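In terms of the working numbering, the sequence shown opens at residue 78 and continues consecutively. By construction, the Cβ of each residue, glycine as well, lies at the ideal position given by its N, Cα and C atoms. For clarity, every value in this text was computed on a predicted model and none was experimentally measured.
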Amino acid sequence: MPAGPRPVPRRLVLLGGIGATTLVLTGCDAIDDVLGSGDDPGVSGAVTPTAPAADADSTLVETVLAAVSTTGALAAATADALPGLKVAARLARVHDAHAAELGGSVTATASEVAADRPAARAALVTAETALRDRLVGAAREAHSGGLAQVLASMAAALAQVLVGPASRPPATLPAAAGDPPPAVEALQTTLAAEHAAVFVYGVLGGQTSQSGSAALYAALTSAYRTHRTRRDDLMARLRAAGAEPVAAEPGYGLPADLGTPAAVTDRARALEESATQTYAYLVASTTGEARAWAVDALVDAAVRSTAFGGRPDRLPGL
Numbered sequence: 078m079p080a081g082p083r084p085v086p087r088r089l090v091l092l093g094g095i096g097a098t099t100l101v102l103t104g105c106d107a108i109d110d111v112l113g114s115g116d117d118p119g120v121s122g123a124v125t126p127t128a129p130a131a132d133a134d135s136t137l138v139e140t141v142l143a144a145v146s147t148t149g150a151l152a153a154a155t156a157d158a159l160p161g162l163k164v165a166a167r168l169a170r171v172h173d174a175h176a177a178e179l180g181g182s183v184t185a186t187a188s189e190v191a192a193d194r195p196a197a198r199a200a201l202v203t204a205e206t207a208l209r210d211r212l213v214g215a216a217r218e219a220h221s222g223g224l225a226q227v228l229a230s231m232a233a234a235l236a237q238v239l240v241g242p243a244s245r246p247p248a249t250l251p252a253a254a255g256d257p258p259p260a261v262e263a264l265q266t267t268l269a270a271e272h273a274a275v276f277v278y279g280v281l282g283g284q285t286s287q288s289g290s291a292a293l294y295a296a297l298t299s300a301y302r303t304h305r306t307r308r309d310d311l312m313a314r315l316r317a318a319g320a321e322p323v324a325a326e327p328g329y330g331l332p333a334d335l336g337t338p339a340a341v342t343d344r345a346r347a348l349e350e351s352a353t354q355t356y357a358y359l360v361a362s363t364t365g366e367a368r369a370w371a372v373d374a375l376v377d378a379a380v381r382s383t384a385f386g387g388r389p390d391r392l393p394g395l
């Protein structure tokens, strides 16, 4: 079982916001590193644990592992019964990786799979959605920041396959005092990345037209608005904590080759993939409402990265 937070990478940029309705299955380090052409996954320092010993989470881990095992068995059985439903096999592999991450394996026996393909698919969606929501809740509950980070990443991995809004409303980040110094530091790091993200998305939007690339333009506009809202929320939270929010840089360097929709999409994808790392750091460094907000942002960043052409990851952000 993970006992401590993963180190924070130097690649920093973020995201967030999850709505409500039904999920559907699909087929599918510094700021300079994000904005420039380099991709150095270096480490700038380890996160300070936010909680007591990981033993406090042993019951939570056992409960989550049992849920992963049950759902993983269903996914594997569905894949065996319906070989053409490739997403079931993909989910089964994800569950195997997640069970191993928690120190176990998928050992449950699945109930009988419906012979009717739509019914089997619907049953799998229902089970996967419930597990994804359980992982989000567990990440919020965990005493250990490191465990919370892993559970949030697991939820994000499922969300990348279950593309669609969440079944619960997103968490909010109240402008409340009480964040300890390690959390304030992580909030400042996240804010610095949000400043960069707002700038970059503004430029990317300017390279895209609604008439020429309507879907891309809409996706960039949505991402820009989300980043801007999160930037404002972070600034309010830091001020409430008695800290002066870090200011935006006068400007940010960008590659010159942004003249095509493909280049714009690629830059947006890189931005969202970096966002998962930044928010994984914030998840590990915070508790309560701030962590819940960071978990939702991590999940949303993972989903947006796939919308911009990224490949699903078994542990986004880690």
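Annotation for residue 303: the continuous alpha helix (DSSP H) segment containing it runs 291-317.
Here residue 387 is buried: its Cβ has 16 or more other Cβ atoms, across all protein chains shown, within 10 Å.
Around the beta carbon of residue 256, 16 or more other beta carbons lie within 10 angstroms, which makes this residue buried. Here residue 234 is buried. Its C-beta has 16 or more other C-beta atoms within 10 Å. Just measuring C-alpha positions, the residue of 204, 222, 228 sitting nearest residue 215 is 228.
Residue 149 carries a helical assignment under DSSP once its states are collapsed to helix, strand and coil.
Beyond the five residues adjoining it in sequence on each side, residue 231 comes within less than 6 Å, by CB distance, of 175, 212 in the same chain, given in chain order. Nearest to residue 392 by C-alpha distance, out of 237, 287, 140, 162, is 237. Residue nearest to residue 134 within the set 221, 300, 284 is 221 (criterion: CA-CA distance).
Secondary structure note for residue 383: its alpha helix (DSSP H) is the uninterrupted segment 365-384. Spatial neighbours of residue 165 in its own chain (CB-CB distance under 7 Å, excluding positions within 5 residues in sequence) are listed in chain order as 152, 155, 156, 159, 201. Annotated three-state conformation of residue 282 is helix, per DSSP. With contact defined as three or more Cβ pairs closer than 8 Å, the region 135-146 and the region 178-195 are in contact. For the pair residue 150 and residue 192, the Cα-to-Cα distance works out to about 17 Å. 261 is the residue among 261, 167, 132, 338 whose C-alpha sits nearest the C-alpha of residue 360.
Going by C-alpha positions, residue 300 is about 13 Å away from residue 347. The alpha-carbon of residue 138 is positioned some 28 Å away from that of residue 382. Put simply, of 189, 254, 185, 173 the residue whose alpha carbon is nearest the alpha carbon of residue 318 is 254. Nearest neighbour of residue 265 by Cα position, chosen from 307, 283, 195, turns out to be 307. Taking a 10 Å sphere around the C-beta of residue 310, we find 16 or more other C-beta atoms and assign the residue as buried.
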